[in-house]
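Here is the structure we will look at.
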Amino acid sequence: MECPRCRTENPVGHRFCSACGQKLARPCTGCGFENAPDARFCGSCGRSLEPKDPAPSPETAAKPAPAPEGEKRPVCVLFADLVGFTELSARLDAEDLKALVESFYARADRAIADYGGTVDKHIGDAVMALFGAPVAHGDDDERAIRAALDIHAAMAAPDAAGRTLAVHIGIAAGEVVAGGFARGYTVLGESVNLASRLVGLAGAGETVISDALRQNLGSRVLAATLPPQPVKGIDGLVRAWRVSGLAPAARPSTPFVGRRHDRQLLAGMIAATKSGGRGRMAVLRGDAGIGKSRLAEEIAQEAAREGFVVHSAFVLDFGAGRGQDAVPALARSLLGLGPDSSEPARTAAVEQAVAERLIEPGEQAMLEDMLDLPSGGERWLIYAAMDNATRLARKQALLVTLARQAATRGPLLIVIEDLHWAEPSMLGFVAALAEATAHQPILLLVTTRPEGDPLDRAWRAQLSEAAINTLDLAPLRAADATALAAAIIAPGDERIAACIARAQGNPLFLEQLLRHTASAAADSVPASVQSVVLGRLDRLPPDEKALLQAASVLGQRFHPEALAHLLDRHRVDVSSLIDAHLLKPDAAGLAFAHALIRDGVYGSLLKARRKALHRKAADWFRGRDRGLEAEHLDRAEDPGAAAAYLAAAQAAMAQFQLDRVNTLTARGLALATDDTLKGTLAVLLGETRQGLGDSRGALDAFQQAAASLPPGAERLQAELGLANTLSVLERLDEALALLAEAQADAERLKLPVLLARIHGLRGNILFPRGEVERCVAEHGRALALAVEAGAPEEEARAHGGLGDGYYVYGDFIRSMQHFERCVALAAAQGFRRIEVANRAMYSLSGMLDVDFPRALGEADAAVTLAKQVGHRRAEMIAEHMRFWNRFEMGDLAGAREAIVEALAISRQLSARRFEAEGLMFLGQVQHELGDPQSLSLLREGVAIARETPRYLLPTGLGLLAMLTSDRSERERALDEGEALLEAGSIWHNHLFFNRYGMEAALEAGDAQRVERYATAFEKVTTRPLPYVSFLVRRGRALAAGLRRQIDPVELGRLREEALAAKWQKVLPGIDAALAASR
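Okay, structure coming up:
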């Protein structure tokens, strides 16, 4: 007869299973009477006991059945061995010896069975028993100790012949592989060998246990440590313990506040948010299983009753499919979409949001990305041109916008669970939502664990207005635990008190234990969650057990269709598992009732079975989610996992998910064995870390790529990435040396596009070194190669580089020509980041052509594009251009607005030379507005400019000379400025210093100095510039007035030209001179 517990086939006549000790009986389906295993008719009612079909009986089906392929599980292995058996063998005849051994077997087997253990085998004078296999009880460690104590007690009583026997026992705990092997069910693992060896350390009547078992039981076992010693077959010294007994069960101490107080605090936050129109952030923090999710669910229900709209999301460490992670899930929910909403429904929601002006048109591409929708056109080009920091900031702002819009219709509760799994980018979204609670009726509720809590001091420091309450959840009080128990098994049940004591206030432990004991009708006390979970798992029908194990491979949350695929079925029925509180319906499909249940089930899978299921999961996700496909191939230990990570990373890079790319490429690199694949992954990792601002991390990645890749185009790309990173780190000589090597390779391989990039990068490196002629030559070579190769992106970059080079070189006309070509080409080709980096400089040409409206229009466009792309440096420079044009046109308020914004950006970027520029020009406009503190601003700017004197110090000194009323200060400023120009300075200092110098000399009535500055001003450019020509003519005309040689005709022409150009700033001096001539 087949054992209903372990499936071992027993010979006819056996009343107990020879493998596990299970009682063998054939129950009558009519009256329940237990018949002998070989009975054909019921001895009580006469009903036939033969099945009408080969299907298993209900009794058999209800019994646990180990999976045929086996499983991993924590088990206690007990060996009990008769003391002095060799001597007894010599003294007793065979028949008496047999009776003695059978007496020992009977006593030991009975004690083992009494505590739910399984007799694995009888070996001569020894018994091997298992606790935790094939059925786990949750407290199998303690059961093994109790069985050992009972065996000793049983053996102390004399046998039928009046002999008193003794045994010594060894017990070891650990993970084993359990299943059917050859002759029947058994276990394999180190614990088996260790338990058999520990017997030799035990004296007569003693039990010695492994250190792992002692740690599992803690203070519940009374034991003395033995000196560490070598044991045959075990590596290293073994630490063991001699057991003297079990301690009385201790009730848990509950020093922390229970849930009732937590709920009152949170209810108060709900009421305050509803009545006050502003909310806060609440953090529920506690250990795994302490009840964070359950409390969050209760609060969500309370909020809903108070009229709140509840939006929930989860941060998952594994198994998050596309659109299911927290940010997309919240975006969908805030737009009224379900987690499985179709593409047409999502598209309609975006269109409606734009039409109703819930979002700006420029945010459409971001929302499409968040909702996993295709995008295109100009909005996608702008989105693609953004750097990672801008993209994240815009997405965060967009999510906040959706939340604020929703909050205008009524108070919100936003719940985000399991923040301890969050990546850095996710924490930015949480911070943005937290700040929004300060001004809207939004209550943000998050859960996290103490270990690895990401909401640390640094995270909180970035918040300026959000109020945060952190609730550290304490273990359940006994009264609360009793109330939970009463909802699961009958109140007053004698098992409740023991379960509450052993659960130690952890509600997950308690709930799983109570459900387990309710089904097993046994006094079960868990030593770990896995034991509790396996105890319940063992009582499932084989089909449901296999289903749950397969589901664990998919992660905490999964879709039923994916599970059906793993099991080769059209559909799966999980209703009984939901009824058993092992699974629960979820917005995205199904979820385990708790992450620790999933972990316990997953841990029971054997490696071969686990790998096979992960491989099938990868098949399911292929074409659906490249990231999850790669993760499952990884866990399947598939050799294609590294390549899958590369494909997933490339897909994530196309969506600008740099944090995700960083994770995927790093894991792919850890798995890759092929050098070329390693190199390709490392290049992508380097580019990603560049985008994340991690220059040193990028350096490491590019170095690895260059070392891994064979000679060719791909390795050259790695070397260019390396050279660029070295230049960012100011290791310019190393970067130039590397470019020289790369150039030789590119020329040999005839790769003109890469050659263009090499020359352009070299030009960029030479620029800050002040090697202007070489810089211009390199960009010129890059331009020629790019045009020859038909590479518009490199061509646009080269034009920008030449614009910078000729600007510093002093050839303004050529500089502006190249900036114009760069901007036009970049705009036509959609290279928005190149366009925005150069458009601001291009706008300078309009000003120097004395076409201020056109120049201001270009500056406005440059600011708008810079804001869209998130290029703060370009935005700052464009604001400078706005300032100059507005100031010249007499719009002092607009000029002040522009320079204040530019100054703020410079301080955000810690760009000191641009901060100096902002302070100088802010002082200038404030002086025009009559601010008595204006010169203080200007002097502060000049002081900072001394840190980088070549950049703008002469300009500041010219401004100071023009505006100060202190003659000696004016003279010192002009003398120092002239000396700096003589020593060599950037072209724009010659332009502005000489202009301001003329104004200062006019103010001082020094016609001779005006003429000197006018002459120097004429020499600023190699070709005439309308801006320079006009100011030189004006200066000389006004200087003539100082000599009483006024030319009214020239002054009249100057006035007409200024009016036509809307050049208000130059008119007062001209008008004063004309008035004096009358």
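Positions in the sequence shown are counted from 1; adding 105 to them yields my numbering. Where a beta carbon is used, it is the ideal one built from N, C-alpha and C, also for glycine. In this text, all values refer to a predicted model and were calculated from it rather than measured experimentally.
Given residue i as reference, the closest of the options once Cα atoms are compared
i      : options                         : result
Gly279 : Val292, Ala345, Leu270, Ser296  : Ser296
Asp585 : Leu568, Ala266, Ala606          : Ala606
Ala541 : Ala512, Glu556, Leu769          : Ala512
Phe957 : Met994, Asp1071, Pro335, Thr778 : Met994
Ala434 : Tyr947, Ala418, Pro744          : Ala418
DSSP three-state assignment for residue i, whether helix, strand or coil
i       : result
Val1171 : helix
Pro282  : Sequence check: residue 282 is Val here, not Pro. Here Val282 sits in strand by DSSP.
Val180  : strand
Glu1162 : helix
His686  : coil
Ile91   : In this structure the chain extends from 106 to 1183, so residue 91 is not present and cannot be described.
Lys1124 : coil
Pro159  : Note that Pro159 has pLDDT 36, beneath the 50 cutoff, so the model's placement of it is unreliable and no number is given.
Ser358  : Residue placement at Ser358 is flagged as unreliable, the pLDDT there being 34, under the threshold of 50; the coordinate-derived value follows with that caveat. Coil.
Leu270  : coil
Thr165  : For Thr165, the predicted structure reports a pLDDT of 32, less than 50, and the residue's modelled location is therefore unreliable. A value from the coordinates is still provided. Reduced to three states, the DSSP call for Thr165 is helix.
Leu645  : coil
Val630  : Annotation note: pLDDT 32 at Val630 (below 50); position unreliable, coordinate value reported separately. If DSSP states are grouped into helix, strand and coil, Val630 belongs with coil.
Asp477  : coil
Gly135  : With a pLDDT of only 43 at Gly135, under 50, the local geometry of the prediction cannot be trusted, and the value read off the model is given with reservation. DSSP places Gly135 in coil when its eight states are reduced to three.
Ala234  : strand
Ala352  : coil
Ala307  : coil
Leu576  : strand
His904  : helix
Lys783  : helix
Ser1182 : helix
Ala623  : Since pLDDT at Ala623 reaches only 49, below the 50 mark, its modelled position is unreliable, and no value is offered.
Leu327  : strand
Tyr220  : coil
Ser657  : helix
Inter-residue CB distance, residue i and residue j (contact presumed, cutoff 8 Å)
i       : j       : result
Gly237  : Cys181  : 6 Å
Val313  : Gly294  : Actually they are not in contact, since the Cβ atoms of Val313 and Gly294 sit about 19 Å apart, beyond 8 Å.
Glu980  : Ile1010 : 6 Å
Leu814  : Leu786  : About 11 Å; that fails the 8 Å criterion.
Glu649  : Ser681  : 6 Å
Val535  : Ile547  : Not quite, the Cβ-Cβ distance comes to about 12 Å (not below 8 Å), so this is no contact.
Leu718  : Val658  : 4 Å
Asp492  : Gly975  : 6 Å
Leu738  : Ala723  : 5 Å
Asp392  : Pro555  : 7 Å
Met475  : Arg499  : 11 Å between Cβ atoms; not a contact.
Ala1066 : Ala1016 : Actually they are not in contact, since the Cβ atoms of Ala1066 and Ala1016 sit about 25 Å apart, beyond 8 Å.
Residue j beta carbon less than 7 Å from that of residue i
i       : j       : result
Pro837  : Ile863  : Inspection of the sequence shows that residue 837 is occupied by Leu rather than by Pro. No. Outside cutoff.
Gly1061 : Tyr1101 : no
Asp850  : Leu831  : no
Ala971  : Asn990  : no
Glu1020 : Arg1012 : yes
Tyr1118 : Val955  : no
Ala806  : Leu782  : no
Leu568  : Ala539  : yes
Leu1156 : Ala1178 : yes
Pro90   : Phe1098 : What is shown of the chain runs 106 to 1183, which leaves residue 90 out entirely.
Ala571  : Ala543  : yes
Those residues which DSSP pairs with residue i across a bridge
i      : result
Gly694 : Asp691
Pro335 : Leu342
Asp186 : Ala231, His273
Met386 : Leu549, Ile573
Ser813 : Paired residue(s): none; Ser813 is not in a bridge.
Glu522 : Phe419
Phe663 : Leu695
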